[in-house]
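Novice:
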Amino acid sequence: MWGNDLDLGEDLVEGFFLERVNRFLARVEVDGREVGVHVANSGRMKELFVPGWRVLVRPVTGQIRKTIFDLVLVDMGFALASVDTRIPNTLVAEGVANGYLPQFTGYSELRREVTFGESRLDLMLGGPNGKCYIEVKSVTLVDKGVGLFPDAPTLRGAKHLQTLEAVLRTGHRAAVVFVIQRHDASAFATSDPSDPDLAAALRSAITAGVEVYAYTCEVTERNIRLDHPLPIVDYSEVFGNV
99 MWGNDLDLGE DLVEGFFLER VNRFLARVEV DGREVGVHVA NSGRMKELFV
149 PGWRVLVRPV TGQIRKTIFD LVLVDMGFAL ASVDTRIPNT LVAEGVANGY
199 LPQFTGYSEL RREVTFGESR LDLMLGGPNG KCYIEVKSVT LVDKGVGLFP
249 DAPTLRGAKH LQTLEAVLRT GHRAAVVFVI QRHDASAFAT SDPSDPDLAA
299 ALRSAITAGV EVYAYTCEVT ERNIRLDHPL PIVDYSEVFG NV
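Letter by letter, the sequence shown follows residues 99 to 340 in my numbering.
Shown next as structure tokens:
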């Protein structure tokens, strides 16, 4: 295991998925009644959002919102998947801060949500040897044992990778970390049919020297942690040419 547990709390409530209403809203049955649930993930997630599947949601209080629950976990039957895109940033930040990611040791400063050029990147590490900018991406789609990103077109994804290339040109270190929020992947690849521009941007970034890492997660009803590092493979190696 590569990280410390991120506590999901003791207040998760069981429900059953009904339908995705829009990008950020789903309907879930909780205690026999239908409720609106906030989805902190703009991906399609068709393979996880299956009517009747068990889910775990978190009650939200003290905020003025249209929904009183956040969708946190989906029970796939054989394991749980986390669907909150905010979690990977915290996992990587805490993994760096606590020394669980050896490739990012040796830095005395850690800042989150930093601006570089016209982009906002997730992490910036600083120390005697310079700076390292890190972008973190959440992955929920797994097919044939391969974690795939993205599952829908994302203009920001390619832009962030291009920004990381710009980071390199200024003499800093740059990396992207793909966090597969489930345990059942043995490799990672870009989902070329979903977003060929992002796939091309990642290949360009790798050629330029941007570091690329991918990790699975161990997910329980109480916590989530970074688990195994994965090899980065080309989409065509597994699925053939697009």
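Every residue, glycine too, gets a C-beta built ideally from N, C-alpha and C.
Within 10 Å of its beta-carbon, does V135 have 16 or more other beta-carbons around it, so buried, or fewer, so exposed?
Specialist: Classification for V135: buried.
Novice: Is there contact here, the stretch 146-154 with the stretch 110-119, by at least three beta-carbon pairs under 8 Å?
Specialist: Yes, the stretch 146-154 is in contact with the stretch 110-119.
Novice: With a threshold of 16 other CB atoms inside 10 Å of the CB of V275, please say whether the residue is buried or exposed.
Specialist: Counting Cβ neighbours within 10 Å, V275 comes out buried, since at least 16 surround it.
Novice: For a test of the three-state rule: what should DSSP assign to R254, helix, strand or coil?
Specialist: The answer is helix: DSSP assigns R254 an H, G or I state.
Novice: Buried or exposed: where does V265 fall if 16 or more other Cβ atoms within 10 Å of its Cβ makes it buried?
Specialist: That one is buried.
Novice: Assign V135 to one of three DSSP states: helix, strand, or coil.
Specialist: V135: strand per DSSP, three-state reduction.
Novice: Which ranges would you report for the beta strand (DSSP E) in the stretch 263-329 if only whole runs of at least 3 residues count?
Specialist: For the stretch 263-329, whole beta strand (DSSP E) runs of length 3 or above, ordered along the chain, are 271-278, 285-288, 309-317, 321-327.
Novice: For my contact list, D220 and I232 are in at a C-beta cut-off of 8 Å; report their separation, rounded to the angstrom.
Specialist: About 6 Å; that satisfies the 8 Å criterion.
Novice: Between A191 and Q279, how many whole angstroms is the CB-CB distance? I'm expecting something under 8 Å.
Specialist: About 15 Å separates the two Cβ atoms, so there is no contact after all.
Novice: Give me whichever residues DSSP pairs with F122 in a beta bridge.
Specialist: Answer by DSSP bridge pairing: none, since F122 is not bridged.
Novice: Near E117, what residues of its chain come up, given a Cβ to Cβ distance below 6 Å and the 5 sequence neighbours on each side ignored?
Specialist: These residues qualify, in order along the chain: R125.
Novice: Considering only residues of the same chain and omitting the five flanking positions on each side of E207, which have a CB-CB separation below 7 Å?
Specialist: Counting only Cβ-Cβ distances below 7 Å, and skipping sequence neighbours, we find L223, G224, G225.
Novice: Run the CB neighbour count on K164, radius 10 Å, all protein chains shown included, and call it buried at 16 or more, exposed below.
Specialist: K164 comes out exposed.
Novice: Using DSSP bridges, identify the partner residues of V237.
Specialist: Its beta-bridge partners are I278.
Novice: Which term fits N139, buried or exposed, when burial requires 16 or more other beta carbons within 10 angstroms of its beta carbon?
Specialist: Result: buried.
Novice: Rounding to the nearest angstrom, what Cα-Cα distance links K229 and R209 in this structure?
Specialist: Their backbone Cα atoms lie some 11 Å apart in a straight line.
Novice: Starting from L189, trace the beta strand (DSSP E) both ways and give me its first and last residue.
Specialist: First-last for L189: 185-195, but that is the alpha helix (DSSP H), not the beta strand (DSSP E).
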